[in-house]
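So for the sequence shown, the UniProt record's numbering puts the first residue at 1; every next one is plus one. Note that the Cβ used here is the ideal one computed from N, Cα and C, for glycine as well. Remember, predicted model here, so these are calculated numbers, not experimental data. What follows is one structure encoded as structure tokens, with my remarks underneath.
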Amino acid sequence: MLYKDMKDSIKVLGFLSIEDFVHYIGVTPSDILEWEEKDEVPYTVSLIIHLLKGDKNLPNNETLDNLVEECLPLAELLEEASSFPHKLEEMFLLQKELNDSTNGKNWELGRNKYGKEINWLRCIHMEVAELIDSTPWKHWKNINSEPDMNNIHVELVDIWHFLMSYILQETNVPRAVSLVNTHCIYEALEDIDVKLMVKEAEKLSYISLAIETGNMPTFSGIERFIDQFFRCCKISGLSFTWLQKLYIGKNCLNKFRQDHGYKEGTYIKTWNNEEDNVVMVRVLEEMENVSFKELYEKLEESYPSK
């Protein structure tokens with residue numbers, strides 16, 4: 001939407017001036033000047049105006065309050081979603097680079113550079129088990145304990161590593177981005193139903209086993225995988241934005257592990273009584289923007305000397 005169009009539109013909504021409208025939605029005067037100079041209004045604001053104008057009758061301020069309150073989350077989510085294809089491409093390229101480095105070229109053929117078989121489906125199945133173990137699912141032990149949601153999110157990111165690898169094994173990066181893109185637009189739940197989360201996570205294992213045993217075609221299995229994975233993210237409260245940030249962090253940690261003897265068995269996984277995953281997440285939370293290089297350097301600083 002152009003700035004001049006916005007001036008006309010807000011009068012329809014009952015605002016006397018642009019200042020009244022932008023104050024109402026929490027925008028600063030300096031933002032208005034920038035919009036006027038560029039003759040361009042941010043997508044979020046344009047969408048709010050578009051949605052509000054769709055209601056023919058706005059009888060009172062309470063109605064307008066409710067409409068704006070409903071529009072803002074949707075507008076912000078859709079604006080954020082415009083960056084998803086780029087973020088997906090970045091993640092798939094990083095995953096391919098990590099696999100090339102760790103497993104050697106042509107890992108897509110199912111073997112690493114040492115001749116060891118690669119089974120991404122089994123990897124997913126095992127990571128699901130680790131996710132479930134982060135919840136109080138056992139009827140005989142710690143039945144009143146709380147789920148470790150931070151670790152559950154990390155396990156989902158681990159599953160995402162292996163799911164991306166499986167997708168890349170069957171297709172290429174552009175096609176992978178196209179397959180996944182529309183599934184990323186969701187609102188993560190705040191109220192977590194642990195039992196439902198476990199049941200939905202188990203379905204990822206069922207899909208793995210169905211493909212592995214030949215009871216589900218590979219490509220339709222990939223589509224089922226993608227849909228079910230993001231359903232698990234939504235139910236567990238893991239937004240796509242935090243998934244992407246955690247992925248960069250875990251990808252960096254995986255590279256760090258490999259560079260420090262993980263494959264050879266000499267890597268130190270506990271750093272000052274904390275697992276390296278915990279250290280990585282804490283560092284991530286302190287970073288406003290995720291930088292692979294900067295994160296690697298911070299991990300290097302925290303890694304215990306032998």
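- Find out if the Cβ-Cβ distance for the pair Gln-258, Leu-168 is shorter than 8 angstroms. no
- For the alpha helix (DSSP H) that contains Ser-30, what are its first and last residues? 29-38
- Message: On the criterion of 16 or more Cβ atoms from any shown chain inside 10 Å, does Lys-199 qualify as buried, or is it exposed?
- Response: exposed
- Task: Assign Leu-295 to one of two classes, buried (16 or more other C-beta atoms within 10 Å of its C-beta) or exposed (fewer than that).
- Result: buried
- Message: Quick check on the DSSP output: what are the complete alpha helix (DSSP H) runs of length 4 or more inside the region 178-239, in order along the chain?
- Response: Look at the region 178-239 and you find these whole runs of alpha helix (DSSP H), each 4 residues long or longer: 194-212 and 218-235.
- With burial defined as no fewer than 16 other Cβ atoms inside 10 Å of the residue's Cβ, what is the status of Lys-56: buried or exposed? Residue placement at Lys-56 is poorly supported in this model, since its pLDDT is 46, which falls under 50; the coordinates still yield a value, given next. The residue is exposed, with fewer than 16 neighbouring Cβ atoms inside 10 Å.
- Item | Helix, strand or coil at Thr-270 [DSSP, three-state] | Note: Thr-270 maps to strand in three-state DSSP.
- Whole angstroms is fine: what's the gap from Ser-101's alpha carbon to Thr-44's? Cα to Cα, the separation comes out at about 40 angstroms.
- Classify Gly-249 as buried or exposed, calling it buried when 16 or more other Cβ atoms lie within 10 Å of its own Cβ. buried
- Query: From Val-283 to Lys-269, what does the alpha carbon distance come to, in whole angstroms?
  - Reply: 16 angstroms
- Message: So for Glu-275, helix, strand or coil by DSSP?
- Response: strand
- Item | Contiguous alpha helix (DSSP H) assignments of at least 4 residues, all confined to the region 121-180 | 149-170 and 173-180
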